[in-house]
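Q: My questions will all concern the structure given below.
There are 4 protein chains.
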Amino acid sequence: MAELLGVAVLGAGHMGADHIRRLDQLVSGARVAAVADPDLDRAKDAVAGLDGVTVHADPLAALDAPGVEAVLIASPGPAHEEPLLAAFERGLPVLCEKPMVPDSTGALRVVEAEAGLGRRLAQIGFMRRYDAEYRRLKSLLDGGGLGRPLMLHCTHRNVSSPPGFTSAMLINSSVSHEIDAARWLLGQELTAVTVLRPRPSSDAPEGLLDPQLVLFETDGGALVDVEVFVNCGFGYQVRCEAVCERGSARIGEDRTMLVTSAGGAREEVAQDYLVRFADAYDREVQAWVDATRQGRVTGPSAWDGYASSVVAEAGVRALESGGRTAVELAPRPDLYADLSR
Amino acid sequence: MAELLGVAVLGAGHMGADHIRRLDQLVSGARVAAVADPDLDRAKDAVAGLDGVTVHADPLAALDAPGVEAVLIASPGPAHEEPLLAAFERGLPVLCEKPMVPDSTGALRVVEAEAGLGRRLAQIGFMRRYDAEYRRLKSLLDGGGLGRPLMLHCTHRNVSSPPGFTSAMLINSSVSHEIDAARWLLGQELTAVTVLRPRPSSDAPEGLLDPQLVLFETDGGALVDVEVFVNCGFGYQVRCEAVCERGSARIGEDRTMLVTSAGGAREEVAQDYLVRFADAYDREVQAWVDATRQGRVTGPSAWDGYASSVVAEAGVRALESGGRTAVELAPRPDLYADLSR
Amino acid sequence: MAELLGVAVLGAGHMGADHIRRLDQLVSGARVAAVADPDLDRAKDAVAGLDGVTVHADPLAALDAPGVEAVLIASPGPAHEEPLLAAFERGLPVLCEKPMVPDSTGALRVVEAEAGLGRRLAQIGFMRRYDAEYRRLKSLLDGGGLGRPLMLHCTHRNVSSPPGFTSAMLINSSVSHEIDAARWLLGQELTAVTVLRPRPSSDAPEGLLDPQLVLFETDGGALVDVEVFVNCGFGYQVRCEAVCERGSARIGEDRTMLVTSAGGAREEVAQDYLVRFADAYDREVQAWVDATRQGRVTGPSAWDGYASSVVAEAGVRALESGGRTAVELAPRPDLYADLSR
Amino acid sequence: MAELLGVAVLGAGHMGADHIRRLDQLVSGARVAAVADPDLDRAKDAVAGLDGVTVHADPLAALDAPGVEAVLIASPGPAHEEPLLAAFERGLPVLCEKPMVPDSTGALRVVEAEAGLGRRLAQIGFMRRYDAEYRRLKSLLDGGGLGRPLMLHCTHRNVSSPPGFTSAMLINSSVSHEIDAARWLLGQELTAVTVLRPRPSSDAPEGLLDPQLVLFETDGGALVDVEVFVNCGFGYQVRCEAVCERGSARIGEDRTMLVTSAGGAREEVAQDYLVRFADAYDREVQAWVDATRQGRVTGPSAWDGYASSVVAEAGVRALESGGRTAVELAPRPDLYADLSR
């Protein structure tokens, strides 16, 4: 396996630049072959010092650049549909950052295009599935020793929200991770959503409904509750407790070095998702490179990306209406039969 | 303070017998002066070996027995109203186990009778207010260092439910503790309740809706969610996380001796509320005896007992309807002005 | 059991006053009948507001005061021998604070006097034996499920040492608790001691060898190491890990409410032994009162007090010499046959 | 940086095969160019499926194979000296597994040879320096916020010892990790060692002195105690608590998913060092590849390998003699001036 997989990276912003660094310095078996960004200077900066990389303003040009064998899409969500469909046409494997396609109509077009090919090409960037703790929980639930899962209690907290973050984004940007994680952990589709809104924190920007308590029902009769609080002020915390018939399991506790000094016994809390999930991103991209080099496609599918978009849209409607909102999914193509991979 | 407070204990069942033992063997400054139970043999058994105790079938006779200066009511809830009113007539301080009076109409009569006296005589047995961890949390919230509380996440689990336990009792017997604890911790009244019902555990008795997720709204704009699961199979767990504007605090983690052996690192989980809250019961009764001997009445009031009954009734209606149910309280008499004692 | 046990308390300093409060307000079944202190004003202050207490400068006068049925000795260690022997002469049960008698020659005289009576009258105040965590550990070790104990790792830390605290006192005052706890947990005698001295903390008073690492060997082949650090600056920490053939068990971790806020996840550390072991003191005195009223003597014996003094003396010699020092105990009278009560 | 670093791996046993897999599949920027093992079949098996690798029985032949730019030595310790000196002659950077050279005389020859070159070529495989928790602790100690370190309490436990494991190997194989970690964390040399031997566990093989308590003194006046217990039966545990003047810090607690079910709250314990330190090995080799490609040598030095051998030899003598044994190091060449890298 001496040949390195040539990857075109679309998007050279925060996330794209991080993936370029990861492909170059951490991941075994791949190299950056092309990069595309409307801001050409940013694209050039992101690949400074790398050899054999072509730089493009047009994502499709990057797909067609010399040496490109696979695509990593890290541009903003609304820009994903076109290169996904283009990659399908070219038969190129794709790792596409979440959200796959933010609006569910576009997401369904991607599902239908891939289903039309009759084989998977896309892996969606739900990196929690590659986190060691989430995998341990998944494995425990699948093992069945605790019986059927009845409830998931989830927490999703950020230090502060970036400028322009809206109440809807608590659901379609933040909680979208829990939407995928819940579907994957349970192997069930989400069927309804309700959003409860306590009086907002006075530390949240004016007008932002933060925190929220988001409640999902599933087609297996389970309940999922998510506290999402993006201006909690103290850290990045992602926790999940699965309550089963004969036991419960918790992940995501803050567990680092225990320091005892004046003021008590103290453990650091991660400040940023790139810290908390750094290993998950590394494993995700390595797994994608490994599978791609072996001609396989694994991991979260375009259907997972589509379902996540539909649920998030229902969540935003539920936030607005204050009531319970049903989730309506299109029929699932056979290509995506197995939900609990 | 050489004289011991003479206490009439009403009810000699599980709880009554435990309080008799506590008054005799653990609590300083009190003695059991009389005991009443319709089952006279049970009453006699409960005070075997104690001197100077009279035994009665009729609770009111126990109130009038020689040496009785205070009353501890530990009979079944529906039997509480009569002796409460009788104690008020006699000016006797009362410690009344929860529920004060299960139906809110009767509970309101007790409130009005005490308010008519113009002074408090009753303390209601919400013993969590005397638990060291709950007090620490209350003190932290009152200190204000974490800002305003936004949400409480609560867990209430039992190994298994006793025979005859109904779906409504998950709310009016189990969650009633969280109802009081939430009101006390937040210093706010609960204004609405919604009950979500996942598919029941297959280990729960046929027909029992177990677990449930109970959601309360408060007049201060906070949210309280309670997982109640009375056939969890593994232990008695009562946890609470308060999420505030600038931090969160958790109590009720399982924390005993850490044993590491084949199978992993392990900590025992309490099996029974009398184990988990043994100290709280001791402190509650000691505090009541101490206050009574000094002519004072402290702790949870008849209003707290009334409000708990009203909220629990609304919760049972919400369980049946599946929808959000408003809580309607009578006007609060001035006697009970301060909710956050 | 209506009659309260009349107790003479010797010593009205910090510890004596605390025991007076405990007997009066917390312990069931006892009352303070007499108090003695060379400083009569201090004695009077300590019993202000209590009825039926006589106040004495002479401890022996307190033993003979009206209503005295038992004695609690809380005066300084060197003053213990005389009232212990006097109590034995009068057949009075005694609870004697540690050290029973600081010099081992005097301690042996107490052992011999009690052994001469042919029955136990003294309980020594090693209160850790009444701490819930220590009892859990003792019970686990006695159960044998983890096999034979091989090592105990102990930590004993204080915020700061009081004025006049000497290097020897780290052993004969602080570590004396671990000496008794190790003997009790293991049911073995300590046979040798070595003291290692790292370079002292710059926060320790000039000339104080603080911290120290004290190593004990036992007649059962176990090892006990104790870190003693009395100017650690941050809290009062007493921990113990028992390493057995098939597992280990730890107690004394800092475990209170978990508060997460800017700066990390934090738990309070107790600042004072009266906080950490408040319950142990309460249980100790209650157990002594209960046993005494039933005509029994239980708990740590005069032999335990003697053995502790001998080991502590050997420890101080080991500190001075830098080498391994053997512990030489007198033959154990039959009265004290069972070490592992 | 398109060119991959060509590495010769010496030794194709358990550890060598693991490093070959790591270089091929996980590490970015390197490839296996040659492999040597006296057992040629084993060497061939270890590189099955890899392109461009030559296979050798003689390690020096592997050093001279085409494309070899660096060497990773994973053969048994006694076979390390020759290829280390040969790599120095050829100017090849080396990553050498621990022990660098087991006997201190040979180790000193390696130090002198490298010092003679006037520049570092060797990095020694003390992988704990690359473990995230150890690095956090090192960074905390170096920051100085807790004051000067006074003691390290270390635990090193294995499920069971492999066949042929001797009492001396508890020190020179197991504790050698703590020897390096202590030197690195403290930035101090170890000056004396004492070994205490409790009665062995009955689960240890006949004649094996297991567990042991190993005590080190340092030239900075700190103390290091290590419990080493290689037949603890339950897991692989490596813990370290640093006690400083103004606080303590602990790493290596067992912290995974918390599962609560019948029997209590439970966390898994790692069973194997390749699990506990998998990330550390990955980071170590990646760091070595990265530095080598940039023409730099970092990480633990030949001096660290030498000092570790000297201290381990003193430890084995201390185990045999039962007494305190001084550690005598040769003068440190200037090349290794900075101990606290």
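Protein chains in written order, with the UniProt record's numbering: chain L, 1 to 341; chain Y, 1 to 341; chain Z, 1 to 341; chain S, 1 to 341.
We treat Cβ as the ideally placed atom computed from N, Cα and C, and that holds for glycine.
Would you decide whether T105(L) is buried or exposed? Buried here means 16 or more other CB atoms lie within 10 Å of its CB.
A: exposed
Q: Among the candidates A262(Z), A34(Z), Q25(Z), V32(Z), whose CA atom is the shortest distance from the CA of A30(Y)?
A: Q25(Z)
Q: Taking 8 Å as the CB-CB cut-off, is T260(L) touching chain S?
A: yes
Q: Tell me, please, which residues DSSP counts as bridged to T194(Y).
A: L215(Y)
Q: Residue 343(S) by DSSP, collapsed to three states: which one?
A: Absent from the structure is residue 343(S), since the part of chain S shown begins at 1 and ends at 341.
Q: In three-state terms, what does DSSP make of V224(Y)?
A: strand
Q: Alpha carbon to alpha carbon, what distance is there between Q271(Y) and S167(Y)?
A: 21 Å
Q: Please report the straight-line C-alpha distance between L274(S) and S321(Y), rounded to a whole angstrom.
A: 55 Å
Q: Given that residue 342(Y) touches chain L, what residues does it touch there, using C-beta distances under 8 Å?
A: Absent from the model: residue 342(Y). The displayed extent of chain Y is 1 to 341, so no value can be given.
Q: What residues from chain Y crowd round F234(S), counting only those whose CB sits closer than 7 Å?
A: T260, S261, A262
Q: Pick from V238(Y), T260(Y), A265(Y): whose alpha carbon is nearest that of G252(Y)?
A: V238(Y)
Q: For S28(S), which residues in chain L fall below 8 Å Cβ to Cβ?
A: D24, Q25, L26, V27, S28
Q: So what's E89(Y) in DSSP terms, helix, strand or just coil?
A: Correct three-state label for E89(Y): helix.
Q: Contact criterion: CB-CB distance below 8 Å. Does A48(Y) meet it with respect to chain S?
A: no
Q: How would you call R296(S), buried or exposed, if buried means at least 16 neighbouring beta carbons within 10 angstroms?
A: That one is exposed.
Q: At which residues does the alpha helix (DSSP H) containing G77(Y) begin and terminate?
A: Counting along the chain, G77(Y) falls outside any alpha helix (DSSP H), and DSSP gives it neither H nor E.
Q: In three-state DSSP terms, what is Q25(Y)?
A: helix
Q: Please name the residues in the segment 118-141 of chain L whose beta-carbon is closer than 9 Å to at least one beta-carbon of chain S, in chain order.
A: A132, E133, R136, L137, L140
Q: Report all residues from its chain with a CB closer than 7 Å to the CB of A262(S); omit the five preceding and five following residues, and keep chain order.
A: none
Q: Can you list, in chain order, the residues of its chain whose CB lies under 6 Å from that of A302(L), leaving out five sequence neighbours each side?
A: V110, V111, E114, A122
Q: Whose Cβ in chain L lies nearer than 8 Å to the Cβ of V269(Z)?
A: T260, G264, A265
Q: Here's the rule: buried if 16 or more other CB atoms are within 10 angstroms of the residue's CB, otherwise exposed. What is S202(Y)?
A: exposed
Q: Count the C-beta pairs between the segment 30-49 of chain Z and the segment 57-69 of chain Z that are closer than 8 Å, then say yes if the count reaches three, no if not.
A: yes
Q: Please check if any C-beta of chain Y sits within less than 8 Å of the C-beta of D338(S).
A: no
Q: Would you say D210(Y) lies against chain S (beta-carbon separation less than 8 Å)?
A: no
Q: Please decide whether D254(Z) counts as near chain L, where near means a Cβ-Cβ distance under 8 Å.
A: yes
Q: Report yes or no: do the segment 236-250 of chain Z and the segment 215-233 of chain S share at least 3 C-beta pairs separated by less than 8 Å?
A: yes
Q: Mapping DSSP to helix, strand and coil, what is F165(L)?
A: Shown here, F165(L) sits in coil according to DSSP, grouped into three states, outside any helix or strand.
Q: Could you name the residues of chain S that M151(Z) contacts, counting a contact when the two beta carbons are closer than 7 Å?
A: P198, P211, L213, E227
Q: Let me know the secondary structure DSSP gives P205(L) once reduced to three states.
A: coil
Q: Within 10 angstroms of its Cβ, does residue 355(Y) collect 16 or more other Cβ (buried), or is it exposed?
A: Outside the displayed range of chain Y (1 to 341) lies residue 355(Y), so it cannot be described from this structure.
Q: So which residues of chain S does M257(L) contact, with C-beta pairs closer than 8 Å?
A: E133, R136, L137, L140, A249, R250, I251
Q: Could you please give the first and the last residue of the uninterrupted alpha helix (DSSP H) stretch that includes P99(S)?
A: Where P99(S) is concerned, there is no enclosing alpha helix (DSSP H), given that its DSSP letter is neither H nor E.
Q: Does the Cβ of E328(S) have 16 or more other Cβ atoms within 10 Å, making it buried, or fewer, making it exposed?
A: exposed
Q: L117(L) to F88(L), Cα distance in whole Å?
A: Their backbone Cα atoms lie some 8 Å apart in a straight line.
Q: In its own chain, which residues sit with a C-beta less than 6 Å from the C-beta of S75(Z), not counting the 5 before and 5 after it?
A: Annotation for S75(Z): L10, G11 place their beta carbon closer than 6 Å to its own, counting only its chain and skipping 5 residues before and after.
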